[in-house]
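*Asks:* Chains as they are written, first to last, in my numbering: chain B, 157 to 556; chain R, 157 to 556; chain Z, 157 to 556; chain Y, 157 to 556.
Every residue, glycine too, gets a C-beta built ideally from N, C-alpha and C.
Protein chains: 4
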Amino acid sequence: MTLPTSLDDLLKLAAQTGERIAPLAAGTDAGRDDGHESYRILRESGLLALLVPRHVGGAGLGFGDYWRVLAELGAHHGAAALGLNMHHVVIGALADADGTRLPPAAEAFRTWMLGEVVNGRKLFASATSEAGRGAKLRGMRTRYRLSEDGAHYILSGRKSFVSLAGVADYYVVAAAADNGTEESGEDTGEVSHFVVAADDPGVTFGAVQHMAAMHGTSTAPMTLDEVRVPRSRLYLGVEGMSLFKVVREPHWMVAGYTGAYLGIAEAIFRHTVDHVTASPARAESPVVQQELGRMSARLRSARALVHEAGDLVTAERGSLEANAMVHAAKYAVGEVGPQLAQDALRLCGSAAVSRSHPLERLIREAQFAHVMPAKPQECLEYLGKAAVGVNLYDARAFAW
Amino acid sequence: MTLPTSLDDLLKLAAQTGERIAPLAAGTDAGRDDGHESYRILRESGLLALLVPRHVGGAGLGFGDYWRVLAELGAHHGAAALGLNMHHVVIGALADADGTRLPPAAEAFRTWMLGEVVNGRKLFASATSEAGRGAKLRGMRTRYRLSEDGAHYILSGRKSFVSLAGVADYYVVAAAADNGTEESGEDTGEVSHFVVAADDPGVTFGAVQHMAAMHGTSTAPMTLDEVRVPRSRLYLGVEGMSLFKVVREPHWMVAGYTGAYLGIAEAIFRHTVDHVTASPARAESPVVQQELGRMSARLRSARALVHEAGDLVTAERGSLEANAMVHAAKYAVGEVGPQLAQDALRLCGSAAVSRSHPLERLIREAQFAHVMPAKPQECLEYLGKAAVGVNLYDARAFAW
Amino acid sequence: MTLPTSLDDLLKLAAQTGERIAPLAAGTDAGRDDGHESYRILRESGLLALLVPRHVGGAGLGFGDYWRVLAELGAHHGAAALGLNMHHVVIGALADADGTRLPPAAEAFRTWMLGEVVNGRKLFASATSEAGRGAKLRGMRTRYRLSEDGAHYILSGRKSFVSLAGVADYYVVAAAADNGTEESGEDTGEVSHFVVAADDPGVTFGAVQHMAAMHGTSTAPMTLDEVRVPRSRLYLGVEGMSLFKVVREPHWMVAGYTGAYLGIAEAIFRHTVDHVTASPARAESPVVQQELGRMSARLRSARALVHEAGDLVTAERGSLEANAMVHAAKYAVGEVGPQLAQDALRLCGSAAVSRSHPLERLIREAQFAHVMPAKPQECLEYLGKAAVGVNLYDARAFAW
Amino acid sequence: MTLPTSLDDLLKLAAQTGERIAPLAAGTDAGRDDGHESYRILRESGLLALLVPRHVGGAGLGFGDYWRVLAELGAHHGAAALGLNMHHVVIGALADADGTRLPPAAEAFRTWMLGEVVNGRKLFASATSEAGRGAKLRGMRTRYRLSEDGAHYILSGRKSFVSLAGVADYYVVAAAADNGTEESGEDTGEVSHFVVAADDPGVTFGAVQHMAAMHGTSTAPMTLDEVRVPRSRLYLGVEGMSLFKVVREPHWMVAGYTGAYLGIAEAIFRHTVDHVTASPARAESPVVQQELGRMSARLRSARALVHEAGDLVTAERGSLEANAMVHAAKYAVGEVGPQLAQDALRLCGSAAVSRSHPLERLIREAQFAHVMPAKPQECLEYLGKAAVGVNLYDARAFAW
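1. With a threshold of 8 Å between beta carbons, is L501 (chain B) in contact with chain A?
2. Tell me, please, which residues DSSP counts as bridged to L390 (chain Y).
3. Compute the Euclidean distance between the alpha carbons of L167 (chain Z) and S512 (chain Z), then round it to the nearest angstrom.
4. So what does DSSP say about T360 (chain R), is it helix, strand or coil?
5. Going by DSSP, name the residue or residues bridged to R384 (chain Y).
6. Residues in the same chain with beta-carbon distance under 8 Å from D356 (chain B), minus the five sequence neighbours each way, listed in chain order, please.
7. Using only the alpha-carbon positions, how far apart do D343 (chain R) and M296 (chain R) sit?
8. Using a Cβ-Cβ cutoff of 7 Å, what residues of the region 475-507 of chain R are near chain B? List them in chain order.
9. Report the rounded CA-to-CA distance for E193 (chain R) versus A237 (chain R), giving the unit in angstroms.
10. Need the endpoints of the alpha helix (DSSP H) that Y417 (chain R) sits in, please.
11. Which residue comes first and which comes last in the alpha helix (DSSP H) that contains L518 (chain B)?
12. Name the chain R residues whose beta carbon is nearer than 9 Å to that of E537 (chain B)?
13. Using CA atoms only, rank isn't needed, just tell me which of R:T360, R:V318, R:V402, R:Y309 is closest to A551 (chain R).
14. Where DSSP assigns a beta bridge to A330 (chain Y), which residues make up the other side?
15. Just to confirm the assignment: which complete alpha helix (DSSP H) runs, minimum length 4, are found wholly within the region 184-262 of chain Z?
16. Does DSSP put E477 (chain R) in a helix, in a strand, or in coil?
17. Going by alpha carbons, who is nearest to N241 (chain B) out of B:R210, B:L203, B:A262?
18. In three-state DSSP terms, what is L448 (chain Y)?
19. Indicate whether G419 (chain Z) and E228 (chain Z) have their beta-carbon atoms separated by less than 8 Å.
20. Using 8 Å as the threshold, is the C-beta distance between R450 (chain Z) and L536 (chain Y) below it?
21. Roughly how many angstroms separate the alpha carbons of M481 (chain Y) and V462 (chain Y), rounded to a whole number?
22. What residues match up with A281 (chain Y) in a beta bridge as DSSP calls it?
23. So which residues on chain Z does R456 (chain Y) lean against when the C-beta distance must stay under 9 Å?
24. Roughly how many whole angstroms lie between the Cα atoms of D189 (chain B) and G362 (chain Z)?
25. If we call anything under 8 Å between Cβ atoms a contact, is L412 (chain B) one with A262 (chain B)?
26. Out of B:G214, B:A235, B:G306, point me to the one whose CA is closest to N275 (chain B)'s CA.
27. Below 8 Å between beta carbons: does that hold for A500 (chain Z) and T428 (chain Z)?
28. Hey, G313 (chain B) and L226 (chain B): beta-carbon distance below 8 Å or not?
29. How do the region 484-504 of chain Z and the region 517-533 of chain Y stand: do at least 3 beta-carbon pairs fall below 8 Å, yes or no?
30. Where does G396 (chain Y) fall in DSSP's three states?
31. Determine the extent of the alpha helix (DSSP H) in which Y538 (chain R) is found, giving its start and end residues.
32. Could you check if L159 (chain Z) is buried or exposed, using at least 16 other CB atoms within 10 Å of its CB as the buried criterion?
33. If we cut at 8 Å on Cβ distances, does S452 (chain Z) have a partner in chain Y?
34. In this structure, how does DSSP classify R299 (chain B) when only helix, strand and coil are distinguished?
35. Mind checking if A439 (chain B) is an interface residue toward chain R, Cβ cutoff 8 Å exclusive?
36. What does V544 (chain Z) reach in chain Y if we use C-beta pairs closer than 9 Å?
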């Protein structure tokens, strides 16, 4: 199917697709299935090409509108939206460069990758985090070196928290140049990214991690054992650009999934309203109306911030103000979800803790926003430093 | 001077004008002067015509952009921005009708009033509240009747909390049709609005009220003793439209001044940042950066909500969603100001309570947002009722 | 074993017993066992007689000290502490009457029941809630009538949320006098309580409810089908005293389990501190210390309130001030648990959402405080009414 | 008059005295008088001897009960209670040592000072803070040296924020040993305290500082110009004990006034309740009752923490847990006052910002708790360090 290009149509498509995957959320959450069916439906929907420029067959969505679409999906199936976001993180950083003339190798890479998405409906994922180091680029232990004949990069290491493990076709793996030193940590080389195929020899995945929720993201550890990747799969054809990109344009790394968590918060509110309106006595209670009003005000604040931040990235990607807004939006969704969860507990009582009620799952899901990087303290640090005038384009100012 | 029409130019003009009136804020706050000089400068700036349609000589600002301009002024001199807003509440309701064909009497009224603003630089104000009844239209005790010859309306009553008292040229006075009953209250006639001139015989003002702050709004009680107003000064030429208008399009009544309080919150943040950055030890403290980051995130949330709400009024004035957003924005500025004030107390210590420091005044000013209608409980009630699906176009659903 | 009587010794015993049951919490929570082993250990510990007066062989604990002991247990195994509390709710209301001369039937009942606890180590539970009505006494559908020969009461009905289902030896069942009307609801007779034995014919339990946590309370629906109870098992030998007792001395009904939730909050704090101190970099971070300090302050406030409220019940059981404090304490533990949970999420990140970490369970458990009656809105209503001087001894003032 | 010794009688006396000074609060706050009359009444009441041991003629109050009495006064006249506390800070540190055998010089000092309070009704004050350094003992610029004949200490320096300036009879002045170095700061000698009489030559006071509130504390800068103090007025007869005392037993320095701010918070609540109950419609509103209930719960939490902390100091003065509780209590009153203030704004509207209403003053007063040392960040730091096991008896662990 061809993807529409107007935001309204895309939101409609997201809503329809959301309704198809929503019934799958509870079963996957309970571990009764692996959640892959949701991704099959998402692939089929065409939504993998949301960010791909229109002239190569995608919807060409800006960052702000991407968050709107992601929120629509997240309201239906938070885990699937989060998983899908990992694909868009990878594509988005590439799509951001649309309109920029690139060196031939980068151009070839971009053409290949976008083609895989548009024509091949291929799903991409990202593998950055490592145990004990989080998603930070510094001190990375996964290493790469060039093969003797120069035709391949050879990667070895262990990644943790790889979403879409066993689901995606490709994984963009961050690795540090192997400069011969021990794995002692600090003096590693610059970090580059490589596209590893799911079926590249040497790639294996561990068991999906047992967390309080989000089983549907299919998050597992990934091991790379001397995996050979052709040079053409060096991300954007250049080594060592990773940190630079993260520092200048942190929106994907810091906050790509923000829309999904907004969607989860929206769903908490909607289910609470549904619970309240099921009983006229509750719906007409002035006290209950005040509580709902407070939830509504909180949600509207967070939503407006997400919208304003996302649209600012669309308008002036990488400006200090856009970067600050992105950190603020990420922080805000991490606060508002659990806050609405507590409001829902007050208003819905035992319904909110019954395994048979969607709220019970949503409340667990909302907790993950603060757990995923950028952590709340990092967001506040960024905003605080911005306020006092620290130069945040200087990579030393921030611990990535 | 001719008013520019681009938002950027208007924001620049507001900033320049703000810088002229900012030095006056402390003196007026302390009661050392009556604050009229600020309004002289505001008249001179041309900003009285912000909302007047361009084709009749104004800047033709939409509601959302109006709030942006008002916030700029509010950050410099909160009380003057609040006072100025009363003018725009009156003009705005009229300007909203631009492009709508009106009956001849209404058309004549509109032409006259906009002309007074553009050509005469006349300042308007609003007189609605009454002691013990707040700004509610129901149960109003100020009465009007037609003179025997039908040429005038005759108004009598007592208004409280009239801003711009003794400053404005005209006051739009709400009054109930005198249907012969006693002032017993409930069975009063429909409410209409009349333009009363400052020098109409029978108009007197009491002393400016002694409040914790906002002396510069020049708020005082107003007495109307058999004031004769020509028929041509019936607001929009129609009797009894007031409640209908408030219910359908409450943005002016409920929340016109929201931008001013956003500006006050912005100023609290800026002064806190200035205080922190004056000491490198403070500015580099990770703990202080976290606190500033939290303030920044709070402020950005409220600001984004104000922007989104205001722009939605511009785009779809009177829609239920726009009305709900307006209540949310009003509530949010009432929360964020005092919250930032408490943050400022933690970060700035005795500076924040020293009469010589602007923060001390701003902290008092921020308290007024929740005091002015719509009250926080009313905002939450509106949002709660919207959530459970109450028909908010039905005047009985809400206590105006 | 004989129970010690000094608070210090009892706290030590609770800590030792807590350490024996703590390792069982995770397995029961995951549904891998039915949790009965914890109650076997608790029976064995002698803690069932905590509230039994000393002169009949118990520890004679006052309400405030009972909460201290319960908190110690709750910090080790929240669900078991909650379950155990149901036993003490039943015994406590009886023990409260110690020192009061009772009519012969009541005296005989009390002697029998305390003997069952002290000599028989029997575990009691309470069955009050009904589907759709919560724990309110009004409108109860479970009915009782006297048998034709007057020797038995015959009970029929369906209780929901019966904790210790299948674990306790006896259940104190609330039922309304069957006055011949239909089950239409409102005009039911006064409510009395009856002690039903687990093996009385006609008693059956449904499946344990599938909730977000607290599997270890063994909470299930209970059906009573023409259950015959000897007259001697009428609670305290008097019919129709229930509502009177709840209104005058609501501490057991409203808030008996408060100590258990305080313990859960304590455990969240301790595990967060353990997580932080496992990494010197974290433990020495000024930002982390601030966050821990804030958690500590919150916890200390809630704890002090619980202590003061509990001790006030000990000192002046049933005074309006004691009743108000009990509502405040119950509300406070419902707020502080989820608040500390969110703080823990910020500080511990993925540890706090990993199924293998105790925090993950504790965060789910903390949510239940607000779900159990008295609900947060009811607590605030009580406090608000107390503030404005409503007579809260009047049963009509409050919706029990 | 002789002071009673039971807490109930002392609370009654405090309430009676409070009622005498309450009517003076507004005038002093507005700067219409110097507030000295309140202190005349307080002297007359005998409350200056609250902490003086009974065997030398005082009421012998413990710290916890002192806070209860101070709260009673603070609820009537916050500024006067704060001023009075400065007297008790000085006496309290001395009274703490009751029952400890002291060296002869210290014994003579103690006998003299307590005699001045009991027999002479003398009012003491404290002069510690210096501009730009706050109340920290380190880096103090006020210096002392022994006169050539060894009979006097000679003090010179400038103190800021000296409460009871021009009211007290004596001022306990902190000064660093003059070791001949420049006033460069860091390498100053140990700090000692000296009792300076108001009429000692060389003592002058500046103008009372113009703050947002608390004019009634009569806080002004104090200059000491070669003030000669007899050796017998060295505090406790020993040099260099100050830092040791503050580190081991910080309750007076960190939080002596906590009771006064609790009283201010109590008064905010009472005035809000009075405002609400003046209108039956408000008092019966379920929404208003919820808000009052929330205020009540907040206040009860803070109050319980203050009680528990104070009583713990009475029971185990200087224990790490007592010290931590004192920091928690101080932090809590700094939070709860402004929080209740914002609640009052929501509930009372314009009454809360009218200069003629006590709430308006109380709201300003409540802000000062966070401004006075220990600052909120310092309190949280102490609690955070206590949680992670830092040795807080080590003076290097904390920045006093």
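*Replies:* In short, the structure shows the following:
1. Protein chains B, R, Z and Y are contained in the structure displayed, whereas chain A is not.
2. Answer is Y:F350.
3. When rounded, the distance between both Cα atoms is 28 Å.
4. In the structure shown, T360 (chain R) sits in a strand (DSSP, three-state: E or B).
5. By DSSP's assignment, R384 (chain Y) forms a beta bridge with Y:I310.
6. The residues are V383, R384, V385.
7. Note on D343 (chain R): pLDDT 48, under 50, position unreliable in the model; the coordinate value appears next. About 10 Å.
8. Against chain B - using a Cβ distance shorter than 7 Å - the residues of the region 475-507 of chain R are M481, A484, Y487, A488.
9. Computed Cα separation, rounded: 13 Å.
10. First-last of the alpha helix (DSSP H) with Y417 (chain R): 414-433.
11. First-last of the alpha helix (DSSP H) with L518 (chain B): 514-522.
12. Those are P442, Q445, Q446, G449, listed as they occur along chain R.
13. If we check each option's Cα against that of A551 (chain R), R:V402 comes out closest.
14. Residue pairing by DSSP puts A330 (chain Y) in a beta bridge opposite Y:H349.
15. With a minimum length of 4 residues, the continuous alpha helix (DSSP H) runs that stay inside the region 184-262 of chain Z are 192-201, 219-232, 234-251.
16. Assigned with DSSP and collapsed to three states, E477 (chain R) falls in helix.
17. When the alpha-carbon of N241 (chain B) is set against those of B:R210, B:L203, B:A262, the nearest one is in B:L203.
18. Three-state result, L448 (chain Y): helix.
19. For the pair G419 (chain Z) and E228 (chain Z), the CB atoms are nearer than the 8 Å cut-off.
20. L536 (chain Y) sits close to R450 (chain Z), with the two beta carbons spaced by under 8 Å.
21. Rounded to whole angstroms, the separation of the alpha carbons of V462 (chain Y) and M481 (chain Y) is 8 Å.
22. A281 (chain Y) pairs with Y:Y327.
23. In chain order: L461, E464, A465, A480, M481, A484, A485, A488, L539.
24. Approximately 28 Å, taken between the alpha carbons.
25. Note on identity: in this sequence residue 412 (chain B) is Gly, with Leu being the wrong assignment. Their beta carbons are not under 8 Å apart, which means G412 (chain B) does not touch A262 (chain B) by this criterion.
26. Comparing Cα positions, the closest option is B:G214.
27. In this structure, T428 (chain Z) lies closer than 8 Å to A500 (chain Z) by Cβ.
28. Not closer than 8 Å, so no.
29. Of all C-beta pairs linking the region 484-504 of chain Z to the region 517-533 of chain Y, fewer than three are shorter than 8 Å, placing the two stretches out of contact.
30. G396 (chain Y) carries a coil assignment under DSSP once its states are collapsed to helix, strand and coil.
31. Where Y538 (chain R) is concerned, the enclosing alpha helix (DSSP H) stretches over 532-544.
32. Under this definition L159 (chain Z) is a buried residue.
33. Closer than 8 Å to some Cβ of chain Y, the Cβ of S452 (chain Z) qualifies, so yes.
34. It is a strand residue.
35. Closer than 8 Å to some Cβ of chain R, the Cβ of A439 (chain B) qualifies, so yes.
36. Listed along chain Y, the residues sitting closer than 9 Å to V544 (chain Z) by beta-carbon distance are V429, V432, T433, R438, A439, E440, V444, Q445, L448.
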